[in-house]
Amino acid sequence: MSRIVLKAILGLLMRVLYRPKVEGAEHIPGTGPVILAGNHTTFIDSLFVSLIVKRQVYFIGKNEYVTGKGFKGRLMAWFFSSSGMVPVDRDGGNGGVAALMTGRRILDEGKVFGIYPEGTRSPDGRLYRGRTGIARLTLMTGAPVVPFAMIGTEKVQPSGKGIPRIAKVTVRFGDALDFSRYEGMDRDRYVLRAVTDEVMSEVMRLSGQEYVDVYATKAKAA
Numbered sequence: 000m001s002r003i004v005l006k007a008i009l010g011l012l013m014r015v016l017y018r019p020k021v022e023g024a025e026h027i028p029g030t031g032p033v034i035l036a037g038n039h040t041t042f043i044d045s046l047f048v049s050l051i052v053k054r055q056v057y058f059i060g061k062n063e064y065v066t067g068k069g070f071k072g073r074l075m076a077w078f079f080s081s082s083g084m085v086p087v088d089r090d091g092g093n094g095g096v097a098a099l100m101t102g103r104r105i106l107d108e109g110k111v112f113g114i115y116p117e118g119t120r121s122p123d124g125r126l127y128r129g130r131t132g133i134a135r136l137t138l139m140t141g142a143p144v145v146p147f148a149m150i151g152t153e154k155v156q157p158s159g160k161g162i163p164r165i166a167k168v169t170v171r172f173g174d175a176l177d178f179s180r181y182e183g184m185d186r187d188r189y190v191l192r193a194v195t196d197e198v199m200s201e202v203m204r205l206s207g208q209e210y211v212d213v214y215a216t217k218a219k220a221a
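Just so we're aligned, residue 0 is where the sequence shown starts under numbering that gives the first Met the number 0, counting upward by one.
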């Protein structure tokens, strides 16, 4: 019910202010597990995807988003939970494993799991090397991967800016990718890299971004 209320209010506001252009939404299966894998340039990406896709989309988010105190903390917890965020403590040494297992649980339940293979927001608008968690998920669960591209959201909420701006936004979905040919090979690092690179190649094609073959976290540290 909370998601319906949130989607009705914010969805109307989004359509009036941004009039997002949605392409290829028909590629998302109406039932069963599916992984949505896309580029990530700004914090607001997940909100646009959650409001545009008819099915509930679940994303991993920082645990701190839902543990705040007081009225503001409760309001934030309601907002993020209603928008499909699943809190995970990613700061510990097992943060990556916890996120992976949470994604697997969501897919095993036949739901839609959204993931950004870059692992973090792009520091400069370019598309960075994907991490192989996306490959592990599709090979462990058999869920198809639907690549997508967020175009223009970096203008809605530029890095370091808190208040969203009005800008043209396009969300473009590609054909579903089936990796069943690699069934049982989720521990082969060459297969994991090949699957991940294929997904990122499709995201690059959809987004038109320049590709950088290094991890975004390494680029940020540099």
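Ideal Cβ positions, reconstructed from N, Cα and C, are used throughout, including at glycine.
Original post:
In whole angstroms, what separates the C-alpha of Thr152 from that of Leu205?
Top reply: Approximately 15 Å, taken between the alpha carbons.
Original post:
Does the beta-carbon distance from Asn38 to Val202 come in below 8 Å?
Top reply: Taking 8 Å as the Cβ cut-off, Asn38 and Val202 qualify as a contacting pair.
**OP:** Check Lys68 in the structure and name its three-state DSSP category.
**Re:** coil
Original post:
Under 8 Å between the Cβ atoms of Gly132 and Thr216?
Top reply: no
**OP:** With distances taken Cα to Cα, identify the nearest neighbour of Ile8 among Ser49, Met149, Lys219, Arg171.
**Re:** Ser49
Original post:
From the DSSP output, which residues share a beta bridge with Val111?
Top reply: Val33, Val56
Original post:
With distances taken between CB atoms, is the gap from Val194 to Leu106 smaller than 8 Å?
Top reply: no
Subject >> Whole-angstrom distance between Asp196 and Gln208, CA atom to CA atom >> reply: 15 Å
**OP:** Under the assumption that Val21 contacts Ile51 (Cβ atoms under 8 Å), give the Cβ distance between them as a whole number of angstroms.
**Re:** 6 Å
Original post:
What's the gap between the Cα of Gly23 and the Cα of Asp88?
Top reply: 33 Å
**OP:** Would you give the residue range spanned by the beta strand (DSSP E) that Phe172 belongs to?
**Re:** Per DSSP, Phe172 is one residue of the beta strand (DSSP E) stretching across 169-172.
**OP:** Kindly indicate which three-state DSSP category Ile150 falls into: helix, strand or coil?
**Re:** strand
Original post:
Per DSSP, Val84 forms a beta bridge with which residues?
Top reply: It should be pointed out that residue 84 corresponds to Met in this sequence rather than to Val. Its beta-bridge partners are Phe58.
Original post:
Gln146 and Gly102: beta carbons closer than 8 Å?
Top reply: The question names Gln, but residue 146 is Pro in the sequence shown. No, Cβ-Cβ distance for Pro146 and Gly102 is not below 8 Å.
Subject >> C-beta contact flag for Gly113 and Phe58 at 8 Å >> reply: yes
Original post:
Is Glu197 helix, strand or coil when you go by DSSP?
Top reply: helix
Subject >> Three-state secondary structure (DSSP) of Glu22 >> reply: strand
Subject >> CB contact flag (Tyr210, Leu126, <8 Å) >> reply: In this structure, Leu126 lies closer than 8 Å to Tyr210 by Cβ.
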